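Everything on this sheet refers to the single structure shown next.
In our numbering, the protein residues as written are 2 to 130.
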């Protein structure tokens with residue numbers, strides 16, 4: 002966290018980002034605070050055009066159905082930006098594939114996600130805790 006960010010505000014922003022990451026696994030976007038104009042970009046490609054579109058993708062998107070576990074979540078706050086890092090483990094479980102994800106969230110004053118930018122590595126075998 003940067004010194005110019007109120008610790009309470011930083012914790013709130015991290016919780017907003019964490020709710021999104023948790024929804025990748027639960028497929029329940031009801032606890033995710035997305036601004037109606039939120040966009041999502043993965044590896045430079047726009048994959049979410051609005052908050053409702055992103056929420057539908059979290060709930061029903063086949064790309065998220067592959068995720069069966071998330072680990073090693075960390076987050077840092079710089080102003081309105083929450084930078085997260087974590088591992089996603091994908092199905093089938095038996096082969097133990099995981100990809101490292103770096104994701105940034107722009108969170109507004111009302112604690113709604115305005116933008117998501119994700120970068121991730123190629124899934125590889127990983128033995129996790």
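C-beta atoms are modelled at their ideal positions from N, C-alpha and C, and glycine is treated no differently.
Source: prediction; values computed, not measured.
- Can you tell me whether DSSP reads residue 13 as helix, strand or coil? helix
- Among all the DSSP beta bridges, which residues are the ones paired with residue 75? 86
- Message: Suppose the cutoff is 8 Å on Cβ atoms and the five residues either side in sequence are ignored; what does the same chain contact list for residue 44 look like?
- Response: 119, 120, 121
- The alpha helix (DSSP H) spanning residue 1 covers which residue range? A question about residue 1 goes unanswered here, because the residues of the chain that appear run from 2 up to 130.
- Could you tell me whether the region 8-19 touches the region 48-58, using the rule of 3 or more Cβ pairs below 8 Å? no
- Touch check for the region 67-87 and the region 102-111: three-plus C-beta pairs under 8 Å? yes
- Can the beta-carbon of residue 63 be found closer than 8 Å to that of residue 91? no
- Label residue 93 either buried or exposed according to how many other C-beta atoms from any shown protein chain fall within 10 Å of its C-beta, with 16 as the threshold for buried. exposed
- Using DSSP bridges, identify the partner residues of residue 43. 46, 119
- Query: Can you list, in chain order, the residues of its chain whose CB lies under 8 Å from that of residue 25, leaving out five sequence neighbours each side?
  - Reply: 59, 65, 68, 71, 89
- Task: Ignore the nearest five residues each way along the sequence and tell me which others in residue 21's own chain have a CB closer than 6 Å to its CB.
- Result: 33
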